[in-house]
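Colleague: My questions all concern the structure below.
There are 2 protein chains.
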Amino acid sequence: MTKKNTASIKPQPVKASRATGRVTITDVAQEAGVSAMTVSRALKTPTLVQKEAHARISAAIKKLGYVPNQAASTLASAKSNVIAVIVPSLTNMVFIDTLTGIRDCLGQAGYQFLIGETGYSPDRETQLISTYMRHAPDGFLLTGVEQQEEARLQLAANHIPAVRMFDLSPSSRDMTVGFSQKKAGYAIAQHMVAQGYKRPGFLAAQLDPRVMKRREGFRKGLMEAGLDPNVEVMLPSPTNVAMGASLLSSLLQQYPDCDAIFCCNDDLALGALFECQRRGLKVPQQMAIAGFNDLPWAACASPAITAIVTPRYQVGYQAAQMLVQVLKGEEPAKTRIDLGFELAVREST
Amino acid sequence: MTKKNTASIKPQPVKASRATGRVTITDVAQEAGVSAMTVSRALKTPTLVQKEAHARISAAIKKLGYVPNQAASTLASAKSNVIAVIVPSLTNMVFIDTLTGIRDCLGQAGYQFLIGETGYSPDRETQLISTYMRHAPDGFLLTGVEQQEEARLQLAANHIPAVRMFDLSPSSRDMTVGFSQKKAGYAIAQHMVAQGYKRPGFLAAQLDPRVMKRREGFRKGLMEAGLDPNVEVMLPSPTNVAMGASLLSSLLQQYPDCDAIFCCNDDLALGALFECQRRGLKVPQQMAIAGFNDLPWAACASPAITAIVTPRYQVGYQAAQMLVQVLKGEEPAKTRIDLGFELAVREST
DNA sequence: CTGAAAGCGCTTACAG
DNA sequence: CTGAAAGCGCTTACAG
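Chains as they are written, first to last, in my numbering: chain A, 143 to 491; chain B, 143 to 491.
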């Protein structure tokens, strides 16, 4: 019972029973014979660590199967490396392409994504933004420019930058990447007028703000040509291919002399094309069809469908790029990027 | 200079300059005149908090705009409330429907999702699993049963439960929710044989394991009927609508007498249908077409397309349900759920 | 029904 | 190039 002995059996500090069993950075540090700080550096800024130490650390990580704890990192650094992306729908391929653009831009940078779907509901959007706030995302990528006041305030209060996609804001304080929905609708009208169609109609569902802006442009174009802008059937419910067929049927019932239709998206256009085939209506001789977005089937349908080609991948990519600039503390060269659109004229008109 | 004075001007503990400026649970506690613990309880288990205290806490939260810090919560509780979902592709509507099922089952429970896309690459899948490990997800939902050894080991080592979707594992130790891909392919062959087609062919792209199992079943069915199983064109590259048209062209060039095709997915079937229309081939009189999955356009095409109807929403929903059971510590009644499939016979065959 | 103490596993801000 | 100390904002495990 010498002093030495006593020392060697000194009571272990009462182990709090909260051990998670996970391999921590401290375990790696002990194994490699360095401090936790050095392990942390080896992971984040390897150049600041002596080569030999780095090798031992790498070996220790592999041996122990160490996986960094993101939560601990986020808490300590107040940086989550998370970007919250909020889109109206995932069933809509348009937004999938946008997500691909975002991922291609940000994925390499080690960002993680929180992907939210609003179902085209502004309330749900506000709620999602609020929920995602808990994850302290570094930034938000939002769809449209119509966020509710509450959501805008919460973003501002927490100093979280947000880029809005698929539309353009008049205010240069907002960051927006998109194109003019109205001009796109207008372009379709002009094309139909130029082709000599006398009674063009409009088919729409899921009447979100961007659809309504397309309609506005389309009507403007028709009116300028002295045509009736009221040949239209619109349904607020979610859009799908089958609805293209039923909307066309309604339209023909109300306006039997309609000779061309602008469908607010390509799903409706596809359904409308099938309905024409069923009715034996020749496209475009008896009925011209134009779609919107240029999803994969438009170009390869028979007949190929005329459509507005939207830069949806670029919308995602460049919105992400703008966000990255802001996160780096740089001033983006432009806070409002108009990517424009194209009109692909094909057999259906 | 009394002792009292000295005490009252005792030096502030040196404020570490790491303040994040965020409103914390402690701020709320002070405002409400309770301890942080009580605020935490008010948020998680309101029934354990006195009604009056709860009211003051709610008021304080609103007044201060408090947002809980998820990272701190995850770190302290060792529970992330995150489920990692890994699918091959987001461009494929099949998996979007599956995600919807997952969300419908888990979303209410307050889970967040980390959604990964492998691009059909096993290596990428392993890498994603590894990356997501840092977020300490409570569970994984994976696609297919072919994970690499490294990934399986990492999941096992960290005791993270994983449910595999869209296929069935022979081992009851794996948790799988899906259906027999092989039987589905077989069912198509049987149907074509029954309809009297003499020279059915197979069109496929993106030759993932599930596609290959469909093919296997299809070939089996043809061979049993004494038909040649080698009327096929397969391309490993990603699938899309346009490819349906080009694959059909290749097939017809090699096998001009082919009178029916089984397309390994509906995109190919749609492209093939358009190609038939362009060639003036009557469907199904000169060429029958069957698809796989029953995406929205199959039923409403002209002619409507015969297809295997896959329970993809249910695959997601029930896989999520099984995972929840395991996370609750319950033993799932079945670790292998065969949801089956249907064959929707339509005009195209 | 409530609270003081300790700890989750990292990183920051220093000091060498 | 390296490390000891403190702190990020919660929750656990107790004790009352």
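In this text, a Cβ means the ideal position worked out from N, Cα and C, and glycines have one as well.
Nothing here was measured: the structure is a model prediction, and the numbers come from that model.
#1: Is residue 233(A) helix, strand or coil when you go by DSSP?
#2: Please say whether residue 178(B) and residue 168(B) have beta carbons closer to each other than 8 Å?
#3: Which residues in chain A have a C-beta closer than 8 Å to the C-beta of residue 210(B)? List them in chain order.
#4: Using 10 angstroms around the beta-carbon of residue 310(A), count the other beta-carbons present and answer buried if the total reaches 16, otherwise exposed.
#5: Where does residue 283(A) sit, in a helix, a strand or coil, going by DSSP?
#6: Counting Cβ pairs, one atom from each stretch, are 3 or more of them under 8 Å apart for the region 359-376 of chain A and the region 315-332 of chain A?
#7: Residues bridged to residue 318(B) by DSSP?
#8: Between which residues of its own chain and residue 300(A) is the CB-CB distance below 7 Å, once the five residues before and five after are set aside?
#9: Kindly list the residues whose CB is nearer than 7 Å to the CB of residue 483(B), restricted to its own chain and excluding five residues on each side of it in sequence; keep chain order.
#10: Just the chain A side, please: which residues come within less than 8 Å of residue 438(B) by C-beta, in chain order?
#11: What does the Cβ neighbour count give for residue 231(B), buried or exposed, with the cut at 16 atoms within 10 Å?
#12: Can you tell me whether residue 155(B) is buried or exposed? The criterion is at least 16 other CB atoms within 10 Å of its CB, across all chains shown.
#13: Cutting at 8 Å between CB atoms, please list the residues of its own chain near residue 481(A), excluding the five before and the five after it.
#14: Where does residue 342(A) land, buried or exposed, given buried means 16+ other C-beta within 10 angstroms?
#15: Against residue 420(A), what residues of chain B qualify as contacts under a CB-to-CB distance less than 8 Å, listed in chain order?
#16: Please classify residue 315(B) as buried or exposed, where buried requires at least 16 other C-beta atoms within 10 Å of its C-beta.
#17: Residue 416(B) versus chain A: which residues are under 7 Å apart at the beta carbon?
#18: Any idea if residue 215(A) is buried or exposed, counting beta-carbon neighbours within 10 angstroms, 16 or more meaning buried?
#19: Assign residue 164(A) to buried or exposed, taking buried as 16 or more other Cβ atoms, counted over all protein chains shown, within 10 Å of its Cβ.
#20: Where does residue 151(A) land, buried or exposed, given buried means 16+ other C-beta within 10 angstroms?
#21: With DSSP as the reference, label residue 483(B) as helix, strand or coil.
#22: By the DSSP assignment, the alpha helix (DSSP H) with residue 292(A) in it spans what residues?
#23: Just the chain A side, please: which residues come within less than 7 Å of residue 302(B) by C-beta, in chain order?
#24: Against chain B, with Cβ distances strictly below 8 Å, would residue 216(A) count as a contact?
#25: Just verifying my parser: in three-state terms, what is the DSSP assignment at residue 429(A)?
#26: Does DSSP put residue 254(A) in a helix, in a strand, or in coil?
#27: Between residue 244(A) and chain B, is there a C-beta pair that is closer than 8 Å?
#28: Of the residues that make up the region 287-302 of chain B, which ones have a beta carbon closer than 8 Å to any beta carbon in chain A?
#29: Excluding five sequence neighbours on each side, which residues of the same chain lie with their C-beta closer than 6 Å to the C-beta of residue 417(B)?
#30: Taking DSSP as the reference, what is the three-state secondary structure of residue 437(B)?
#31: Please classify residue 267(B): is it buried, with 16 or more other beta-carbons within 10 angstroms of its beta-carbon, or exposed?
#32: Determine, for residue 145(B), whether the minimum Cβ-Cβ distance to residues of chain A falls below 8 Å.
#33: Considering only residues of the same chain and omitting the five flanking positions on each side of residue 425(A), which have a CB-CB separation below 7 Å?
#34: Are the region 228-247 of chain B and the region 195-215 of chain B touching by the rule of at least three beta carbon pairs closer than 8 Å?
#35: Please state if the CB of residue 434(A) and the CB of residue 405(A) are separated by a distance shorter than 8 Å.
#36: Does any residue of chain B bring its CB to less than 8 Å from the CB of residue 433(A)?
Modeller: Concretely, from the data shown:
#1: coil
#2: yes
#3: 276
#4: buried
#5: strand
#6: yes
#7: 306(B) and 478(B)
#8: 275
#9: 321, 326, 450, 451, 452 and 453
#10: 382, 383, 384 and 409
#11: buried
#12: Low confidence applies here, because residue 155(B) scores a pLDDT of 38, under 50, leaving its location unreliable and the question unanswered by this model.
#13: 319, 320, 321, 453, 456, 457 and 460
#14: buried
#15: 444
#16: exposed
#17: 442, 443 and 444
#18: buried
#19: exposed
#20: Bear in mind that the predicted position of residue 151(A) carries a pLDDT of just 31, short of 50, making it too unreliable to give a figure here.
#21: coil
#22: 291-299
#23: Result: empty, since nearest Cβ-Cβ is about 11 Å, beyond 7 Å.
#24: yes
#25: coil
#26: strand
#27: no
#28: 296, 299 and 300
#29: 387 and 390
#30: coil
#31: buried
#32: Reliability fails at residue 145(B), whose pLDDT of 34 lies under 50, so the model's placement of it is uncertain and no value is given.
#33: 415, 418, 431, 445 and 490
#34: no
#35: yes
#36: no
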